[in-house]
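**Q** Residue numbers (full-length UniProt numbering), protein chains in the order written: chain A, 1 to 127; chain S, 1 to 168. Quick one: this structure, given as structure tokens, is what I'll be asking you about.
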């Protein structure tokens with residue numbers, strides 16, 4: 001399985017990508033929403049994108065909205081991974097088309113639980 | 001401004017307290033630094049002397065604020081190495097990015113406690129602590145020791161009329 005990790009923090013990209021690789025994912029990274037859209041255009045389409053909210057150039061909510069507006073990306077599952085912890089922000093993200101929401105700080109176990117809920121845990125991995 | 005809002009600004013900012021800040025920092029440490037030495041909170045204030053690195057994020061909205069994490073400059077590299085779990089050659093950019101992300105995580109969770117908060121700003125890292133306006137209120141502070149050096153987490157909220165406050 002392939003995952004696109006979208007976060008402006010190199011540290012957080014490394015943390016998320018490292019956790020996903022331990023689960024068996026191949027990962028690619030993008031530093032903002034615009035860079036992530038370019039990665040999707042150049043293909044192949046990943047199974048999962050983890051998306052930070054606050055980023056320069058293009059924020060995560062805009063990225064989610066643009067992905068959901070493109071039918072070619074219907075198979076891409078979007079998970080917000082962000083410090084934006086208010087209920088209202090979670091509702092906004094889900095309404096825009098995100099499938100799941102994970103608040104930083106998160107544990108590897110909580111990431112696995114979310115992936116399990118999404119049916120995106122690679123075979124042989126149990127949450 | 002309505003009387004209700006004026007009254008609100010006169011109230012102590014008890015929705016962000018030391019305890020809440022401590023819980024947020026504790027959760028972050030458990031998530032990303034559990035493989036390192038414990039973070040030891042202190043009941044006493046320990047102002048960082050000498051060279052400093054400070055990362056901050058702003059909270060906009062009805063009650064603007066700023067969340068800051070300050071460390072002794074020599075702590076920047078081990079902090080980044082611990083967060084990245086990478087003992088290789090790290091750059092200044094890695095150090096600034098890591099400290100900025102620490103401030104971002106704490107700031108985002110503090111923002112959830114502030115009524116009518118607007119967007120969270122992007123992290124800014126510098127070698128000086130951010131300036132505050134005279135009417136700004138230190139809502140919460142946590143001093144902690146890690147690897148024998150001090151870190152300070154602070155939450156400042158605009159006092160009085162937030163729109164008049166340039167420091168925050």
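We put the beta carbon where it would ideally sit given N, CA and C, even for glycine. Keep in mind that this is a model prediction, so the values were computed, not measured.
#1: Which runs of the beta strand (DSSP E) spanning at least 3 residues fall entirely within the segment 16 to 83 of chain A, listed in chain order?
#2: Report yes or no: do the segment 89 to 97 of chain S and the segment 17 to 33 of chain S share at least 3 C-beta pairs separated by less than 8 Å?
#3: Counting only C-beta atoms, is residue 104/A closer than 8 Å to chain S at any point?
#4: Suppose the cutoff is 8 Å on Cβ atoms and the five residues either side in sequence are ignored; what does the same chain contact list for residue 118/A look like?
#5: Ignore the nearest five residues each way along the sequence and tell me which others in residue 90/A's own chain have a CB closer than 7 Å to its CB.
#6: By the three-class DSSP mapping on this structure, what secondary structure does residue 144/S have?
#7: Taking only three categories from DSSP, how would you classify residue 72/S?
#8: Among 49/S, 22/S, 110/S and 16/S, which has the Cα closest to the Cα of residue 144/S?
#9: In chain order, what residues of the segment 83 to 101 of chain S put their CB closer than 8 Å to some CB of chain A?
#10: By the 10 Å Cβ neighbour count, where 16 or more other Cβ atoms means buried, how is residue 148/S classified, buried or exposed?
#11: If we define contact as Cβ-Cβ less than 8 Å, is residue 142/S a contact residue for chain A?
#12: Going by beta carbon distance, what residues of the same chain come within less than 8 Å of residue 122/A, once the five residues before and after it are set aside?
#13: Please list the partners that residue 27/S has in chain A, where partner means a Cβ-to-Cβ separation under 8 Å.
#14: Counting only runs of 4+ residues fully inside the segment 26 to 101 of chain S, write out the alpha helix (DSSP H) ranges in chain order.
#15: Measuring alpha carbon to alpha carbon, tell me which residue in 75/S, 17/S, 55/S and 61/S is nearest residue 130/S.
#16: Is residue 119/A helix, strand or coil when you go by DSSP?
#17: Using a Cβ-Cβ cutoff of less than 6 Å, which residues in the same chain neighbour residue 13/A once the five nearest sequence positions on both sides are dropped?
#18: Quick one: measure Cβ to Cβ for residue 75/S and residue 81/S, integer angstroms, because I've assumed they're closer than 8 Å.
#19: In terms of residue numbering, what span does the beta strand (DSSP E) encompassing residue 6/A cover?
#20: With 8 Å set as the bound, which would you pick, yes or no: does the beta-carbon of residue 16/A sit closer than that to a beta-carbon of chain S?
#21: Looking only at its chain, what residues have a beta carbon closer than 7 Å to the beta carbon of residue 100/S, apart from the 5 residues adjacent to it on each side?
**A** By the coordinates alone:
#1: Taking only runs of at least 3 residues, the beta strand (DSSP E) segments lying wholly in the segment 16 to 83 of chain A are 26 to 30, 48 to 51 and 77 to 82.
#2: no
#3: Taking the first residue of the first chain as position 1, residue 104/A is located at position 104. For residue 104/A, the answer is yes, since a Cβ of chain S falls inside 8 Å of its Cβ.
#4: For the purposes of this step, residue 118/A is identified with residue 118 of the first chain, where counting begins at 1. By the criterion of a C-beta distance shorter than 8 Å, residue 118/A is surrounded in its chain by 48, 77, 79, 99 and 100, once the five residues flanking it on both sides are discounted.
#5: Here the question's residue 90/A lines up with position 90 in the first chain. Taken in chain order, the residues that qualify are 101.
#6: Position 144 of the second chain, counting from 1, holds the residue named residue 144/S. Residue 144/S carries a strand assignment under DSSP once its states are collapsed to helix, strand and coil.
#7: Taking the second chain and counting its residues from 1, one reaches residue 72/S at position 72. Three-state result, residue 72/S: strand.
#8: For this step, residue 144/S is matched to residue 144 along the second chain. It is 22/S whose Cα lies nearest to the Cα of residue 144/S.
#9: 83, 84, 85, 86, 93, 94, 97, 98, 100 and 101
#10: By 1-based counting over the second chain, the position of residue 148/S is 148. Per the 10 Å Cβ criterion, exposed.
#11: Position 142 of the second chain, counted from the start, is the residue given in the question as residue 142/S. Output row for residue 142/S: interface = no.
#12: What you label residue 122/A is simply residue 122 of the first chain in a count that begins at 1. Cβ within range, chain order: 1, 23, 24 and 25.
#13: As a first step, residue 27/S is located in the second chain; it is residue number 27 there, counting from the start. 105, listed in chain order.
#14: 76 to 84
#15: Numbered from its first residue, the second chain carries residue 130/S at position 130. The option with the nearest alpha carbon to residue 130/S is 55/S.
#16: Here residue 119/A is taken as the residue at index 119 of the first chain, counted from 1. DSSP places residue 119/A in the coil class of the three-state scheme, outside both helix and strand.
#17: On the first chain, residue 13/A is found 13 positions in, with the first residue counted as 1. These residues qualify, in order along the chain: 5, 7 and 29.
#18: Working through the second chain from its first residue, we reach residue 75/S at position 75. Working through the second chain from its first residue, we reach residue 81/S at position 81. About 11 Å; that fails the 8 Å criterion.
#19: As a first step, residue 6/A must be located in the first chain, where it is residue number 6. Run containing residue 6/A: 2 to 6, per the beta strand (DSSP E) assignment.
#20: For the purposes of this step, residue 16/A is taken as the residue at position 16 of the first chain. Not closer than 8 Å to any Cβ of chain S, the Cβ of residue 16/A fails to qualify, so no.
#21: Locating residue 100/S in the second chain gives position 100, where the first residue counts as 1. Taken in chain order, the residues that qualify are 55, 123 and 125.
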